[in-house]
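To start, the structure under review is shown below, and the notes come after it.
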Amino acid sequence: MEESVNGLIVRSVIVDDAGAPTKLVVTNAGTANGTYLPTWNGHGDLLALWQVQADGTLTLAASVTYDTWGKP
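16 is the number of the first residue of the sequence shown in our numbering; add one for each residue after it.
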């Protein structure tokens, strides 16, 4: 899946066979440019988004916590 703004691709989302996002590539967005990998819990809720650095290491870009009832 891709998202374009004014004819420029700004996001590409790679999904697995079940349709779950496995990689997000952001371009033409300034400092947010890069490749991001999501991590999920056993319920399919997003836990974190990791940015892949040039050397292959991962840096935490965002994380989500949920209460007992699953509300972010």
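Each residue gets a CB set at the ideal place from its N, CA and C atoms; glycine is no exception.
Tell me where the beta strand (DSSP E) around residue 46 begins and ends.
Numbered from 1 along the sequence shown, position 31 holds the residue referred to as residue 46. That residue, residue 46, is in no beta strand (DSSP E); it is neither H nor E in DSSP.
Would you decide whether residue 30 is buried or exposed? Buried here means 16 or more other CB atoms lie within 10 Å of its CB.
Within the sequence shown, numbered from 1, the residue matching residue 30 stands at position 15. Flag for residue 30 reads exposed.
DSSP state of residue 54 mapped onto helix, strand, coil:
Here residue 54 is taken as the residue at index 39 of the sequence shown, counted from 1. Correct three-state label for residue 54: strand.
Is DSSP giving residue 20 helix, strand or coil here?
On the sequence shown, position 5 is the one that residue 20 refers to. Three-state DSSP puts residue 20 in a strand.
Could you have a look at residue 68 and say whether DSSP puts it in helix, strand or coil?
Your numbering for residue 68 matches position 53 in the sequence shown. In this structure, residue 68 counts as coil in the three-state DSSP scheme.
DSSP-derived helix/strand/coil call for residue 86
The count along the sequence shown starts at 1 and reaches residue 86 at position 71. Residue state, collapsed to three classes: coil.
Among the candidates 60, 73, 64, whose CA atom is the shortest distance from the CA of residue 82?
As a position in the sequence shown, residue 82 is number 67, starting the count at 1. That would be 60, whose Cα lies nearest to the Cα of residue 82.
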